[in-house]
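Take 1 as the starting number for the sequence shown in the UniProt record's numbering and just add one per residue. Note that CB positions come from ideal geometry on N, CA and C, so glycine has one too. Here is the structure we will look at, set down as structure tokens.
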Amino acid sequence: MILFSELSRRRIRSVSSLIKVGRTEPVMVLRVDKEKGYIDLSKRRVSEEDIQACEERYNKSKLVHSIMRHVAETLGIDLEELYIKIGWPLYRKYGHAFEAFKIIVTDPDSVLNTLTCEVKKSGPDGQEVTEVVPAVTEEVKDALVKNIRRRMTPQPLKIRADIEMKCFQFDGVLHIKEAMRKAEAAGNDDCPVKIKLVAPPLYVLTTQTLDKEQGIAILNKAITACTEAIEYHKGKLVVKEQPRAVSERDDKLLAEHMAKLRNDNEEVSGDEDSEEEEDTGMGEVD
């Protein structure tokens, strides 16, 4: 239960704007009343840093639980047993099973082969003995690694920047092409840079990388190289959109925009041809 006075530090005009039934909210536990079965919570005492850390941990735990549950359902194993043998030991050792799962993506043996459990058996003399055995069977290991790699293998980010480039000097087109080559040469094997014409004078620079900061730095380097090359020939480059990570939706919108511009250019070219044919025809009649 959240007390009304613990909702916000500011004056409350509408409670529904602060909290709603069914919404997941990071809150602080103030008091636990075992007799009445109440837990007093506070929303206003949670700082922005605490909210961010809590949501990050929640999302990590949610992903870990989803993977563990899927493995348990696939193999017909009790989920709690899987946590006892794998999940909770990884939480204790790595602070969070998510960190262990990240290592499993590239090196599963270093994590899973160290897990053991105690099994009680009857000895030759009939007495009960405790034997330490591997906690993870090959079947469970294969299923777990497969699920972790499918869900946690990092996907490359697409970084894009939009620029306008002009050069009205003699051989200006060649100078622009040279500047484009300079921009692409700024890339490397990890972050190859591509530059494409959208519609004169608009161009887009793109790269794909696992490291967002590295990708942005590479595109900034490419823009600098391109600017120096075009300005050497008295051209001009203006950055319309700084390098940033883009989504599939942004790519789709760009593709649609490029297709629309191509169609518009084709229509204009067709109109010009028609006018030329009309002029020629009129000339022949005269």
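- For residue 117, the enclosing beta strand (DSSP E) has its first and last residue at 116-122.
- Three or more Cβ pairs closer than 8 Å define a contact, and the stretch 154-168 meets that threshold against the stretch 224-233.
- Along the length of the stretch 142-180, whole beta strand (DSSP E) runs at least 3 residues long occupy 157-166, reported in chain order.
- Minimum Cα-Cα distance from residue 117 among the listed residues 162, 110, 104, 89 corresponds to 89.
- Residue 160 sits buried, since 16 or more C-beta atoms from the chains shown fall within 10 Å of its C-beta.
- Of all alpha-carbon atoms in 264, 39, 246, the one lying nearest the alpha-carbon of residue 155 is that of 246.
- In this structure, residue 151 lies away from residue 79, with their beta-carbon atoms at least 8 Å apart.
- Following the DSSP letters along the chain, one finds residue 42 inside the beta strand (DSSP E) bounded by residues 38-42.
- Spanning the alpha carbons of residue 212 and residue 178 requires a straight line of approximately 27 Å.
- As a beta-bridge residue in DSSP terms, residue 33 pairs with 38.
- The C-beta distance from residue 42 to residue 30 rounds to 5 Å, short enough to fall under 8 Å.
- In terms of Cβ geometry, residue 186 and residue 143 do not form a close pair [threshold 8 Å].
- Here the C-alpha atom of residue 238 lies approximately 16 Å from the C-alpha atom of residue 244.
- Note that the C-beta distance between residue 182 and residue 217 is not below 8 Å.
- With contacts defined by Cβ atoms closer than 8 Å, residue 71 and residue 104 do not form a contacting pair.
- Residues 118, 120 of the same chain have their beta carbon placed closer than 6 Å to that of residue 130, with the five preceding and five following residues left out of the count.
- Residues of the same chain with a CB within less than 6 Å of the CB of residue 199, apart from the 5 flanking positions on each side, are 261 in chain order.
- By alpha-carbon distance to residue 174, the top candidate from 157, 234, 128 is 234.
- Inter-residue distance for residue 21 and residue 7 is about 14 Å (C-alpha atoms, whole angstroms).
- In the DSSP assignment, residue 207 falls outside any alpha helix (DSSP H) and within the unbroken beta strand (DSSP E) covering 202-209.
- Under the rule that a run must span 4 or more residues, the alpha helix (DSSP H) segments found entirely inside the stretch 208-251 read 212-232.
- Secondary structure note for residue 134: its beta strand (DSSP E) is the uninterrupted segment 128-134.
- With a beta-carbon spacing of about 4 Å, residue 135 and residue 85 fall inside the 8 Å limit used to define contacts.
- The shortest C-alpha to C-alpha distance from residue 56 to any of 26, 139, 107 is the one to 26.
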